[in-house]
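For the sequence shown, position 57 matches number 497 in our numbering, and the numbering has no gaps at all.
For every residue, glycine included, the Cβ atom is placed at its ideal position computed from N, Cα and C.
Beneath this line is the structure, given in structure tokens, with notes to follow.
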Amino acid sequence: MPVKAEVEYLQMESADAELLVTASRNLSIGGACIITFKEFPCGTKLLLHLKFPDNSRVINAEGRVVWVRNLELEGKCLDSVFELGIEFTNIPEEDYKIIQGYVASKLKDSL
Numbered sequence: 441m442p443v444k445a446e447v448e449y450l451q452m453e454s455a456d457a458e459l460l461v462t463a464s465r466n467l468s469i470g471g472a473c474i475i476t477f478k479e480f481p482c483g484t485k486l487l488l489h490l491k492f493p494d495n496s497r498v499i500n501a502e503g504r505v506v507w508v509r510n511l512e513l514e515g516k517c518l519d520s521v522f523e524l525g526i527e528f529t530n531i532p533e534e535d536y537k538i539i540q541g542y543v544a545s546k547l548k549d550s551l
């Protein structure tokens, strides 16, 4: 069962970065897969703000893009919609514990 969250993100180290909003396709304690209309090359550093439905606190994390692929829908590749695999590289310990608890609770619910 995919673990999902609302995600706001922006490219770090970019003068013209804009805050974008999407959803995760899946979330783990090590990273996330998000859907985006903008293609980012592997290695791109992103600042992420994660929002969980059952927690009002915004979780902050830094990550880097480790893979990119076009989103497929019903077997068809969508040229302008991408999935990004993001590895978390820096998360405050308190936020990490919240992610860990959220992921564990969603996985437990799916059993």
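Inter-residue spacing [alpha-carbon to alpha-carbon] between residue i and residue j
i	j	result
PRO481	VAL508	7 Å
GLU512	PHE522	9 Å
PHE492	LYS444	8 Å
LYS537	ALA472	16 Å
ASN530	LYS516	35 Å
LEU488	TYR542	16 Å
ILE526	VAL447	12 Å
SER454	ALA544	34 Å
LEU460	LEU547	27 Å
ALA457	THR484	12 Å
ASN503	ARG465	Here residue 503 turns out to be Gly, not Asn, going by the sequence shown. When rounded, the distance between both Cα atoms is 16 Å.
Distance CB(residue i)-CB(residue j) smaller than 7 Å
i	j	result
ILE469	GLN540	yes
Option in the options with minimal Cα separation from residue i
i	options	result
LYS478	VAL498, LEU490, ARG497 and VAL505	VAL505
LEU467	ASP519, ILE499 and GLU533	ILE499
GLU533	ASN510, SER520 and ALA501	ALA501
LEU450	LEU486, ASP494 and ASN510	LEU486
Any non-hydrogen atom of the ligand FMN closer than 6 Å to residue i Cβ
i	result
SER468	Within the structure as shown, the ligand FMN is missing, as the structure has no ligands at all.
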